[in-house]
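If you're matching them up, the sequences are chains A and B in order. Using our numbering, read the first sequence as starting at 6 and increasing by one per residue. Using our numbering, read the second sequence as starting at 6 and increasing by one per residue. These notes are about the structure you will find just below.
There are 2 protein chains.
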Amino acid sequence: MSATQPTSSEMRQQMAPLCSVFRRYLKSKGLKYTTERADVLDAIIARDGLFEAEELLLELRKRGHRVSKATSYRTISLLLEAGIIVQALFDSKQAHYQLIYGKEPRDHMVCMKTGTLVEFHSPELTAVRNRICRELGWTPVGHRFQIYAVSPNAPKT
Amino acid sequence: MSATQPTSSEMRQQMAPLCSVFRRYLKSKGLKYTTERADVLDAIIARDGLFEAEELLLELRKRGHRVSKATSYRTISLLLEAGIIVQALFDSKQAHYQLIYGKEPRDHMVCMKTGTLVEFHSPELTAVRNRICRELGWTPVGHRFQIYAVSPNAPKT
DNA sequence: GTCGGTGCAAATGCTTTGCATTGAT
DNA sequence: ATCAATGCAAAGCATTTGCACCGAC
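Spelled out as structure tokens, the structure:
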């Protein structure tokens, strides 16, 4: 069911641990790999899914790491640039982020009554994306698909 | 109350139903259909596409309507509840909104280099959505598909 | 030793809210 | 007449930034 054929260099990158991917990115930009940045990435890996900035701070505290809110946000920003995480925006309240590097993109279905969130993966969407990009001459990078629906166990009112 | 005369047949067709849909929604909630709310909906119809809160205010001013920022936001909120518009979130900076009622959903492709935005419509996405909902027993309401890509005219760096 | 990084607190900017006044029904 | 709606300005809140000190290379 896989729609994209990763190139060999992509495969190589995917197999490398995330931390070296991040380290490599930082080095390429002349930036430093600090303990705080390592701690933030560890906490994100530990959550392994959707997270928001505040939750990330809690996870860091839970693991006994003291990283300021500012550094946390600054690291999130770097991880976005590095393509290790992406934003997943559900509402205008706050941003959610998602560990994406080396993973198949996950799509989301949200219940409009209960707020229940279901993750799913549909490779055909990647095919649609690639076809549309090809038609317009664009180079695909990523995509997000969100379904708004009502779950079967939502109250009938 | 002075209803603005529609200037094109397209607008005339669209305006009547939308305004009654909104009026009906408000009545069902025991709320009032005020000139300010009508003006906001008119301005949204005039833009006929993606808009953000600040742009909406400019459109209102352009049409000679004085609606406060607060009322504008409050009306946007009501239109969201009524299912007439939906949020289209591209970044965590600010919300974008989209007139959706009675239209096929429009999807978006964003250039990650230039910020160029292209709208497209892909009916097969609706089919994918409906199939996934059916499989899980959910009732589909809407969906959003966003492609992140690089446009052909973006600088190569 | 050099810069870049960090933490803190203050700033930013979109969005929401309290309150006195206005207006739709 | 009644009670919701409006406008203004102030408040909220997630996120960003300025600055003085700290630490990775």
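Heads up, the beta-carbon is just placed ideally off N, CA and C, and yes, glycines get one too.
- Runs of the beta strand (DSSP E) lying entirely within the stretch 50-138 of chain B and spanning at least 3 residues, in chain order: 55-57, 90-93, 101-104, 112-116, 122-125.
- Proximity of the stretch 132-139 of chain B to the stretch 66-83 of chain B falls short of the contact definition, fewer than three beta-carbon pairs being nearer than 8 Å.
- Interface flag for L94/A against chain B is set, since a Cβ pair is found closer than 7 Å.
- Using a Cβ-Cβ cut-off of 7 Å, E60/B is close to nothing in chain A; its nearest Cβ partner there is about 15 Å away.
- Considering only D47/A, R28/A, V45/A, D44/A, the residue with the shortest C-alpha distance to Y38/A is R28/A.
- Counted as a single uninterrupted DSSP element, the beta strand (DSSP E) harbouring Y153/A occupies residues 144-155.
- The DSSP-derived three-state label of K37/A is coil.
- In this structure, the alpha-carbon of T144/B lies about 5 Å from that of V155/A.
- The alpha carbon of A159/B has as its nearest neighbour, out of R149/B, S127/B, C116/B, S97/B, the alpha carbon of C116/B.
- Nearest to P128/B by C-alpha distance, out of G120/B, T121/B, R149/B, G142/B, is R149/B.
- Under the 7 Å criterion on CB atoms, F150/A is classed as interfacial with respect to chain B.
- For A87/A, no CB of chain B lies under 7 Å from its own CB, so it is not counted at the interface with that chain.
- Interface annotation, V155/B: in contact with chain A, CB-CB separation under 7 Å.
- With a threshold of 16 other beta carbon atoms within 10 Å, H101/B meets it and is buried.
- In terms of Cβ geometry, A48/B and L65/B form a close pair [threshold 7 Å].
- Residues of chain B with a Cβ closer than 9 Å to the Cβ of S73/A do not exist, since the nearest Cβ in that chain sits about 20 Å away.
- The C-alpha of I90/A lies about 30 Å from the C-alpha of S82/B.
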